[in-house]
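A.B. asks: Structure incoming, see below.
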Amino acid sequence: MAAVWPGAGHEPALPIVDAHHHFYDRPGWTYLHADYAADARSGHAVQASVYMQALTRYRADGPEALRPVGETAFVVASTAGALAPEVAKGIVGYADLRLGAGVAPVLDAHAQAGRGRFRGVRHLTTWDADGSLANPLTAAPPGLLRDAAYRAGLAQLQAQGLSYDAWLFWPQLPELMEVAAAFPALPIIVDHCGGVVRIGAHAAHRDEVFARWKASMQALARFPNVHVKLGGLGMRINGFGFDSGALPPSSDRLAATWRPWMLGCIDAFGPERCMFESNFPVDKGSYSFVNGWNAFKKLTADFSTTERHALFHGTASRVYRLA
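Numbering-wise, our numbering puts 1401 at position 89 of the sequence shown, and it's gapless, one number per residue.
Here it is, written out as structure tokens:
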């Protein structure tokens, strides 16, 4: 892991809604409200954030399906009274969508625990034919997005006016297109630029990966209910090597490396359907919070004020109903 220094914030007054971060409370890895707040105040005008499920502080007992509600309750309690930034102003939790119609009481429990902040669900679907890419905490069976029970759970999200965060790998994007077509009233947010994976079996075919990823993202953009988070490209699976250098990457290097991927998303979906995310603390292993947002700002230096408004806070505020 590269050592990370904070640096100075570029355009420090630009308002930001961080569309995606976590709290971790795992053996050897703790990152909670105080840690995120310190990062968020370290050089940028982060006004609010969206919390994303992270297997944190589940209930230790009670019905298995309801145990993830403990995470929503913990996030609300641990961020109570937060003024600037409004950390976890929106909360995306976990519910097992394979419960189908039976997931409805779980969603109700999340809503009650969220005290007006619960916005949707993320149930991971990450799978790849290369088994070496499987993370025991996040791996899913193949074809989950086509599973009838899972689809019935998605129907409950749509019926309750909630959103669906999709974390998958880029070869699975065609399956997500089928979901977008089947649930046109369901707001779908694609995490981390559509699952950029360039290691393992994909490492030797990086030009092909980019071409197929880009074509899939352009096809997915035809569905107006789909939005994209720009970020999450500091992970090892992305294959950029930021996590293994002796020194952390500069914001200029980050911007140059990310440019074809993030501008590819923006060109396909438009700024009004894209939003920047920190993906902290996951991406913190590669670069600082300050440098990550500096790179986003440099990437969009030539964009209009209206376009940057959407990318940095408008889209996230609208899609996650934070106003």
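Idealized CB from N, CA, C, for every residue including glycine.
Going by beta-carbon coordinates alone, are residue 1600 and residue 1560 separated by less than 9 Å?
C.D. replies: Yes, these two residues count as a Cβ contact at 9 Å.
A.B. asks: From the DSSP output, which residues share a beta bridge with residue 1539?
C.D. replies: Paired residues: 1501.
A.B. asks: Per DSSP, residue 1584 is paired with what?
C.D. replies: Bridge partners of residue 1584: none, in fact.
A.B. asks: Any contact of the region 1411-1430 with the region 1384-1394, i.e. 3+ C-beta pairs under 8 Å?
C.D. replies: Yes: at least three Cβ pairs fall under 8 Å.
A.B. asks: Since residue 1337 sits in a beta bridge, which residues does DSSP pair it with?
C.D. replies: Note: residue 1337 sits in a beta bridge opposite 1342.
A.B. asks: Locate the alpha helix (DSSP H) running through residue 1383, then write down its first and last residues.
C.D. replies: Per DSSP, residue 1383 belongs to the alpha helix (DSSP H) from 1381-1390.
A.B. asks: What are the complete beta strand (DSSP E) segments, minimum 3 residues, inside the region 1463-1492?
C.D. replies: For the region 1463-1492, whole beta strand (DSSP E) runs of length 3 or above, ordered along the chain, are 1475-1478.
A.B. asks: In this structure, does DSSP put residue 1440 in helix, strand or coil?
C.D. replies: Residue 1440 falls in the coil class under three-state DSSP.
A.B. asks: In terms of DSSP beta bridges, what is residue 1434 paired with?
C.D. replies: BP columns for residue 1434 point to 1477.
A.B. asks: May I have the straight-line CA-CA distance separating residue 1350 from residue 1324, to the nearest angstrom?
C.D. replies: One C-alpha to the other measures close to 15 Å.
A.B. asks: By the three-class DSSP mapping on this structure, what secondary structure does residue 1595 have?
C.D. replies: It is helical.
A.B. asks: So, for residue 1313: in the same chain, excluding its five sequence neighbours on each side, which residues have a beta-carbon less than 7 Å away from its beta-carbon?
C.D. replies: Reliability of the predicted coordinates at residue 1313 is poor, the pLDDT of 37 falling under 50, and the value obtained from them is presented with this limitation in mind. These residues qualify, in order along the chain: 1555 and 1597.
A.B. asks: Straight-line CA distance for residue 1437 to residue 1446?
C.D. replies: Their Cα atoms are separated by approximately 11 Å.
A.B. asks: To the nearest angstrom, how far is it from the Cα of residue 1418 to the Cα of residue 1564?
C.D. replies: Cα to Cα, residue 1418 sits roughly 44 Å from residue 1564.
A.B. asks: Taking residue 1528 as part of the alpha helix (DSSP H), name the residues at either end of that continuous run.
C.D. replies: Element bounds for residue 1528: 1518-1532.
A.B. asks: With C-beta atoms as the reference, is residue 1543 less than 9 Å away from residue 1552?
C.D. replies: No, the Cβ-Cβ distance between residue 1543 and residue 1552 is not below 9 Å.
A.B. asks: Label residue 1618 either buried or exposed according to how many other C-beta atoms from any shown protein chain fall within 10 Å of its C-beta, with 16 as the threshold for buried.
C.D. replies: Residue 1618 comes out exposed.
A.B. asks: Count the other CB atoms within 10 Å of the CB of residue 1623; is the residue buried (16 or more) or exposed (fewer)?
C.D. replies: So residue 1623 counts as buried.
A.B. asks: Compute the distance between the beta-carbons of residue 1524 and residue 1483, then report whether it is under 9 Å.
C.D. replies: The answer is yes: Cβ separation under 9 Å.
A.B. asks: According to DSSP, is residue 1313 helix, strand or coil?
C.D. replies: Because residue 1313 carries a pLDDT of 37, less than 50, the predicted location of this residue cannot be relied on, and the following value inherits that uncertainty. Residue state, collapsed to three classes: coil.
A.B. asks: Under 9 Å, do residue 1591 and residue 1566 count as touching if we go by C-beta distance?
C.D. replies: Not closer than 9 Å, so no.
A.B. asks: What does DSSP give as the partner residues of residue 1405 in its beta bridges?
C.D. replies: DSSP, once it has assigned bridges, lists 1433 as partnering residue 1405.
A.B. asks: Rounded to whole angstroms, what is the Cα-Cα separation between residue 1354 and residue 1602?
C.D. replies: Looking at the two C-alpha atoms, the distance is approximately 7 Å.
A.B. asks: If you follow the alpha helix (DSSP H) that residue 1424 is in, where does it begin and where does it stop?
C.D. replies: Where residue 1424 is concerned, the enclosing alpha helix (DSSP H) stretches over 1416-1426.
A.B. asks: Could you give the distance in angstroms between the alpha-carbon of residue 1639 and the alpha-carbon of residue 1390?
C.D. replies: Since the displayed the chain opens at 1313 and closes at 1635, residue 1639 lies outside it and no answer follows.
A.B. asks: Measuring CB atoms only, is the region 1572-1583 touching the region 1497-1507, in the sense that at least three cross pairs come out at less than 8 Å?
C.D. replies: As far as the Cβ criterion goes, the region 1572-1583 touches the region 1497-1507, which means the pair count is three or higher.
A.B. asks: Rounded to whole angstroms, what's the CA-CA distance from residue 1562 to residue 1610? Just pull it up for me.
C.D. replies: Their Cα atoms are separated by approximately 12 Å.
A.B. asks: According to the neighbour-count rule (16 or more other Cβ atoms, all chains shown, within 10 Å of its Cβ), is residue 1449 buried or exposed?
C.D. replies: With fewer than 16 Cβ atoms within 10 Å of its Cβ, residue 1449 is classed as exposed.
A.B. asks: Measuring only the C-alpha atoms, how far is residue 1627 from residue 1583?
C.D. replies: Rounded to the nearest angstrom, the two C-alpha atoms are 8 Å apart.
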